[in-house]
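Asker: Protein chains in written order, with this note's numbering: chain A, 550 to 742; chain B, 550 to 742.
Number of protein chains: 2
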Amino acid sequence: MSVRHAVLGLLAQRPRHGYELRAAFQALVGGEENWDVKPAQIYTTLTRLEQGGFVAEDSVEQDAGPEKRIYAITLAGRKTLNEWFACGIEPEHQHDEFFLKLMIGLVSGAADPCRLIQTQRAYLFQELHDLTEQRSQADPSRELAKILLLDKAVMHLEADLRWLDMIEGRLDDIKHQPLPEPESKPRGRPRKI
Amino acid sequence: MSVRHAVLGLLAQRPRHGYELRAAFQALVGGEENWDVKPAQIYTTLTRLEQGGFVAEDSVEQDAGPEKRIYAITLAGRKTLNEWFACGIEPEHQHDEFFLKLMIGLVSGAADPCRLIQTQRAYLFQELHDLTEQRSQADPSRELAKILLLDKAVMHLEADLRWLDMIEGRLDDIKHQPLPEPESKPRGRPRKI
DNA sequence: GGTGCCATGTAACGCGTTACATGATTAT
DNA sequence: ATAATCATGTAACGCGTTACATGGCACC
Numbered sequence: 550m551s552v553r554h555a556v557l558g559l560l561a562q563r564p565r566h567g568y569e570l571r572a573a574f575q576a577l578v579g580g581e582e583n584w585d586v587k588p589a590q591i592y593t594t595l596t597r598l599e600q601g602g603f604v605a606e607d608s609v610e611q612d613a614g615p616e617k618r619i620y621a622i623t624l625a626g627r628k629t630l631n632e633w634f635a636c637g638i639e640p641e642h643q644h645d646e647f648f649l650k651l652m653i654g655l656v657s658g659a660a661d662p663c664r665l666i667q668t669q670r671a672y673l674f675q676e677l678h679d680l681t682e683q684r685s686q687a688d689p690s691r692e693l694a695k696i697l698l699l700d701k702a703v704m705h706l707e708a709d710l711r712w713l714d715m716i717e718g719r720l721d722d723i724k725h726q727p728l729p730e731p732e733s734k735p736r737g738r739p740r741k742i
Numbered sequence: 550m551s552v553r554h555a556v557l558g559l560l561a562q563r564p565r566h567g568y569e570l571r572a573a574f575q576a577l578v579g580g581e582e583n584w585d586v587k588p589a590q591i592y593t594t595l596t597r598l599e600q601g602g603f604v605a606e607d608s609v610e611q612d613a614g615p616e617k618r619i620y621a622i623t624l625a626g627r628k629t630l631n632e633w634f635a636c637g638i639e640p641e642h643q644h645d646e647f648f649l650k651l652m653i654g655l656v657s658g659a660a661d662p663c664r665l666i667q668t669q670r671a672y673l674f675q676e677l678h679d680l681t682e683q684r685s686q687a688d689p690s691r692e693l694a695k696i697l698l699l700d701k702a703v704m705h706l707e708a709d710l711r712w713l714d715m716i717e718g719r720l721d722d723i724k725h726q727p728l729p730e731p732e733s734k735p736r737g738r739p740r741k742i
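#1: Identify every run of the alpha helix (DSSP H) within the region 555–615 of chain A, keeping only runs that are complete inside it and at least 4 residues long; order them along the chain.
#2: Since residue 553 (chain B) contacts residue 594 (chain B) with CB under 8 Å, what's their CB separation in whole angstroms?
#3: Is there a Cβ of chain B sitting closer than 9 Å to that of residue 731 (chain A), yes or no?
#4: For the region 664–680 of chain B against the region 632–639 of chain B, are there 3 or more C-beta pairs whose distance is under 8 Å?
#5: From residue 563 (chain A) to residue 715 (chain B), what does the alpha carbon distance come to, in whole angstroms?
#6: Listed from N- to C-terminal order along the chain, which residues in the region 636–658 of chain A have their beta-carbon within a distance smaller than 8 Å of any beta-carbon of chain B?
#7: Taking C-beta pairs closer than 7 Å, name the residues in chain A that residue 630 (chain B) reaches, listed in chain order.
#8: Could you list the residues in the region 572–598 of chain B with a C-beta less than 8 Å from some C-beta on chain A, going in chain order?
#9: Could you work out which residues of chain B lie near residue 678 (chain A), taking near to mean beta carbons separated by less than 8 Å?
#10: Report all residues from its chain with a CB closer than 7 Å to the CB of residue 580 (chain A); omit the five preceding and five following residues, and keep chain order.
#11: Measure the C-alpha to C-alpha separation of residue 590 (chain B) and residue 572 (chain B) and round it to an integer number of angstroms.
#12: Please go through the region 641–724 of chain B and give each complete alpha helix (DSSP H) segment of 4 or more residues, from N-terminal end onward.
#13: Under 8 Å, with one C-beta from each stretch per pair, do the region 704–714 of chain A and the region 691–706 of chain B reach the 3-pair mark?
#14: Using a Cβ distance threshold of 8 Å, determine whether the region 643–660 of chain A contacts the region 648–665 of chain B, with at least three qualifying pairs required.
#15: So with CB distances below 7 Å, who are the chain B contacts of residue 702 (chain A)?
#16: Along the chain, where does the beta strand (DSSP E) that runs through residue 622 (chain A) open and close?
#17: Residues of chain B with CB under 9 Å from residue 558 (chain A), in chain order?
#18: One question on the structure: do residue 576 (chain A) and residue 630 (chain A) come within less than 9 Å of each other, judged by their Cβ atoms?
#19: Distance check for residue 655 (chain B) and residue 721 (chain B), CA to CA, integer angstroms please.
#20: Less than 9 Å separating the beta-carbons of residue 567 (chain B) and residue 618 (chain B)?
#21: Taking 9 Å as the CB-CB cut-off, is residue 623 (chain B) touching chain A?
#22: Going by C-alpha to C-alpha distance, which of B:648, B:680, B:712 and B:622 sits closest to residue 583 (chain B)?
#23: For residue 669 (chain A), tell me which candidate among B:686, B:633, B:697 and B:684 has the shortest Cα-Cα distance.
#24: Could you list the residues in the region 704–726 of chain B with a C-beta less than 9 Å from some C-beta on chain A, going in chain order?
#25: Taking its Cβ as the centre, do 16 or more other Cβ atoms sit within 10 Å of residue 645 (chain A), making it buried, or is it exposed?
#26: Using a Cβ-Cβ cutoff of 9 Å, what residues of the region 664–675 of chain A are near chain B? List them in chain order.
#27: Compare the Cα-Cα distances from residue 551 (chain B) to each of A:652, A:556 and A:596 and report the closest residue.
#28: Report the rounded CA-to-CA distance for residue 755 (chain B) versus residue 624 (chain A), giving the unit in angstroms.
#29: Can you round the beta-carbon distance between residue 726 (chain A) and residue 693 (chain B) to whole angstroms, since I take them to be within the 8 Å contact cut?
#30: Residue 561 (chain B) versus chain A: which residues are under 7 Å apart at the beta carbon?
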């Protein structure tokens with residue numbers, strides 16, 4: 550959902566071809582370690598945007614080197630882009646995979662909840678350590694994007710760790726909560742028994 | 550990536566059919582407002598798991614009502630599940646859509662950065678308000694899962710708001726950062742001009 | 001007889017990924 | 001010559017979504 554709009558935005562700045570779009574995108578987000586967009590995604594996105602009428606093929610340059618298909622944004626594309634600018638972006642979905650794992654471990658009896666929490670905490674600490682290290686080595690004058698993204702990641706990691714502590718404190722409540730295991734009620738009298 | 554493992558875990562507890570899996574999943578995560586898994590995903594996931602040899606069709610019950618295809622986990626499935634339990638779950642990727650939007654707004658000149666920040670902040674505040682409201686109305690004895698997930702969401706929202714403030718403080722740095730707009734260097738002498 | 005739940009799917013699409021393939025130019 | 005970079009794609013898959021379709025049974 551985001552690469553689509555980024556492509557529109559870059560084409561709003563000026564018409565470009567696929568390879569150039571990819572380079573510009575990577576430059577904007579501060580390198581491929583922050584957000585690596587694969588060429589295939591750029592080209593398929595361009596195709597879809599063209600089919601939807603949001604961009605149009607402007608021209609094909611063949612003055613030197615390989616051919617370049619140059620795309621430009623359309624009016625419909627600008628409209629879509631402005632809508633993107635006008636509305637807020639919802640923070641990533643509430644789907645929490647760790648919580649799911651914890652619950653699955655509980656009901657299946659195949660994993661020890663305390664162990665799961667320990668493992669996750671160790672993982673997050675390691676992650677936090679790595680990011681803090683990267684953060685301290687980043688150059689504020691050239692890698693501003695990277696630094697900001699690292700700061701965000703660190704803040705979220707700290708939140709996750711605090712949350713893990715909360716969960717650990719409530720583990721007993723979670724364990725003894727009435728898990729509605731629905732008795733899969735097949736209605737009707739059994740047939741042919 | 551998570552539903553797959555959840556299905557394995559639920560089948561590790563006992564063999565089940567698709568409809569039952571969906572109900573059990575929804576019960577675990579505390580209702581569809583937390584994580585709504587569509588029937589289609591359950592069935593396609595089951596098909597893929599079966600093709601991969603992680604689950605197998607156990608039997609088809611037809612004692613009463615509609616037929617039920619009952620699946621059971623295999624040894625390979627248990628192995629995969631234990632691997633899931635053994636390793637940590639990485640916090641959602643660093644892809645930040647708002648930061649991307651800000652940068653796109655800057656280079657395209659199609660949006661005012663301050664405005665973008667204001668919009669996003671307003672959106673996050675609204676979200677925070679809604680979640681806090683929900684949190685205060687939740688019943689701790691029955692909706693523990695929902696409460697924990699709400700707490701996590703609130704903590705992350707607060708982190709996002711603090712991060713927004715950071716970005717606002719650095720806006721000038723971001724604006725005046727050397728944006729490497731690569732002069733798209735077509736090599737070779739122009740042909741046929 | 002209608003509504004609604006139980007239970008099963010298929011089809012098509014969007015987004016993202018990996019892997020593969022082609023070909024031209026430039027620098028060594 | 002060959003390796004790197006420029007530039008374009010296709011094919012197939014995984015995950016998730018919406019929409020559509022079918023049919024039995026229960027309850028009123």
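Ideal placement from N, C-alpha and C gives every residue a C-beta, glycine not left out.
Answerer: Put simply:
#1: The region 555–615 of chain A contains these whole alpha helix (DSSP H) runs: 567–578 and 588–601.
#2: 6 Å
#3: In this predicted model, residue 731 (chain A) has a pLDDT of only 49, less than 50, meaning its place in the structure is not dependable; the value taken from the coordinates is given anyway. Output row for residue 731 (chain A): interface = yes.
#4: no
#5: 30 Å
#6: 636, 637, 638, 639, 640, 641, 643, 644, 645, 646, 647, 648, 649, 650, 652, 653, 654, 656, 657 and 658
#7: 659
#8: From the region 572–598 of chain B, only 572, 573, 576, 577, 578, 583 and 584 have a Cβ closer than 8 Å to chain A.
#9: Correct list: empty, because the minimum Cβ distance to chain B is about 13 Å.
#10: 695
#11: 13 Å
#12: 646–657, 662–686, 693–718 and 720–724
#13: Put simply, the region 704–714 of chain A touches the region 691–706 of chain B. At least three CB pairs are less than 8 Å apart.
#14: No: fewer than three Cβ pairs fall under 8 Å.
#15: The answer, in chain order, is 643.
#16: 617–622
#17: 649, 650, 652, 653, 654, 656, 657, 659 and 660
#18: no
#19: 11 Å
#20: yes
#21: no
#22: B:680
#23: B:633
#24: 704, 705, 706, 707, 708, 709, 711, 712, 715, 716, 719, 722, 723 and 726
#25: buried
#26: 664, 665, 668, 669, 670, 671, 672, 673 and 675
#27: A:652
#28: No answer is possible for residue 755 (chain B): the residues shown for chain B start at 550 and end at 742.
#29: 5 Å
#30: 657 and 659
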